[in-house]
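Notes to accompany the following structure.
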Amino acid sequence: MLALPTAAVIYCALVAVVFLALWLWYDRRDHARFEGQRRKTTFHCIRCDRLYAEP
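FYI, my numbering numbers position 18 of the sequence shown as 1, with every residue one higher than the one before it.
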C-alpha cells in the first residue's frame, strides 16, 4: 500500500490530467465549431459608410 503523501500526489496528478484533457478537448471543439463564424469577411462601403458581412 502507498503512503498517504504519495497517494495524495498521485491523486492530484490524475485530477490535473483529467482537467487538462477536458480543457483541451472543449477548446478544440469550440474552436472547430465557431471558426467559420469568426472568419467572415467584412466590407466597408466608402459611399454610404456602412459595414457589410459576407454571408
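Note that CB positions come from ideal geometry on N, CA and C, so glycine has one too.
Secondary structure at residue -11: helix, using DSSP grouped into helix, strand and coil. If you ignore the 5 residues before and after residue 36, its C-beta comes within less than 7 Å of the C-beta of 23 and 25, all in its own chain and listed in chain order.
When only Cα atoms are considered, residue -13 and residue -3 end up about 15 Å apart. In this model, residue 33 and residue 6 are separated by some 39 Å (Cα to Cα).
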